[in-house]
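There are 2 protein chains.
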Amino acid sequence: MLTDDLSAKFAALADPTRRAILARLTEGEASVNDLAQPFDMSLAAVSKHLKVLENAGLITRGKEAQWRPARLEPMGLKGMAEWLEHYRRYWDSSFDRLDAYLNKIQKGDPRGPRN
Amino acid sequence: MLTDDLSAKFAALADPTRRAILARLTEGEASVNDLAQPFDMSLAAVSKHLKVLENAGLITRGKEAQWRPARLEPMGLKGMAEWLEHYRRYWDSSFDRLDAYLNKIQKGDPRGPRN
DNA sequence: GTCGCTGTCAACCGGTTGGTTGAATAAAGT
DNA sequence: ACTTTATTCAACCAACCGGTTGACAGCGAC
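Spelled out as structure tokens, the structure:
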């Protein structure tokens, strides 16, 4: 198992099926059958995908009768967003300007991203 | 091979070694030997990691004499950042306020993230 | 209770990944 | 020319991943 939280999240998103499931869940919680409907794959396969997303902390699952609805975990993506933010200067020109300003008025922050 | 660009990027980042390499490259370009130095693994293994990062479009590689320095590809992470941005409302309370405002003054954008 | 629906579990399979080692390539130094 | 330095290639290996199938468990309805 990937014990590293960030690795688990990135790995979970490195699959189009799982990203599609997340996208679907932005519309609200859904059962395994609902989520499986667009895909040409077995229910068991979708169930496995949901387990990966759950272990990565990206979704949570409930229990209603025989249904196990999945829903987005609101904070699930925050850690990745924060990791990415450290690199914003490398693609976002508006960040460059802010960065230059901050470096001008105070000592620059030499801290690199933690892994 | 993962032909899907976003999948390749997420998969490339789902490894602490590769994230550490990226972090190191924010300090400037580096040779394979430089990059391998912190790790208890062979040069060939690091070379493979660099190939994964290169195929994902996260780094580029040069050629100076017998060195093949790696450097960050500035736009490499942009696509992921844009993908993540669609989910910002789910963790960022300040986005909630903006979102509420936008929904108030105009029809909400029902477009989900593309995978 | 038993039927039907929903979902998970376990075993299996082929392909990929992350590492190793040893040989090969390429350029620079002597 | 030979040696050293930097890096890659090829073959191999164990572990993991994404899928399958078949059995089974939970719950509601009849």
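Each protein sequence line maps, in turn, to chains A and B.
Residues 798 to 912 (this note's numbering) are what the first sequence spells out, left to right.
Residues 798 to 912 (this note's numbering) are what the second sequence spells out, left to right.
Quick reminder that beta carbons are idealized off the backbone N, C-alpha and C, glycines included.
Classify residue i as helix, strand or coil using the three-state DSSP reduction.
i, result
"THR814 (chain B)", "helix"
"ARG885 (chain A)", "helix"
"ARG865 (chain A)", "coil"
"ALA853 (chain B)", "coil"
"ARG911 (chain B)", "coil"
Does the beta carbon of residue i sit closer than 7 angstroms to a beta carbon anywhere in chain A?
i, result
"ASN852 (chain B)", "no"
"SER890 (chain B)", "no"
"MET917 (chain B)", "This structure does not reach residue 917 (chain B), given that chain B is present from 798 up to 912, and the question cannot be answered."
"ALA867 (chain B)", "no"
"ARG815 (chain B)", "no"
"SER828 (chain B)", "no"
"LEU810 (chain B)", "yes"
Assuming contact is defined by CB atoms lying nearer than 7 angstroms, are residue i and residue j in contact in what I supplied?
i, j, result
"TRP888 (chain A)", "LYS875 (chain B)", "yes"
"GLY854 (chain B)", "GLY873 (chain B)", "yes"
"VAL849 (chain A)", "ALA833 (chain A)", "no"
"LEU881 (chain B)", "ALA878 (chain A)", "yes"
Kindly indicate if chain B contains any beta-carbon less than 7 angstroms away from that of residue i.
i, result
"ASP801 (chain A)", "yes"
"LEU881 (chain A)", "yes"
"LEU822 (chain A)", "no"
With respect to 6 angstroms, is the separation between the Cβ of residue i and the closest non-hydrogen atom of the ligand PLP below this value?
i, result
"PHE807 (chain A)", "This structure does not include the ligand PLP; it has no bound ligands of any sort."
- Item | chain A contacts made by the segment 834-864 of chain B, where a contact means CB separation under 9 angstroms | Closer than 9 angstroms at the C-beta level to chain A, one finds no residue of the segment 834-864 of chain B.
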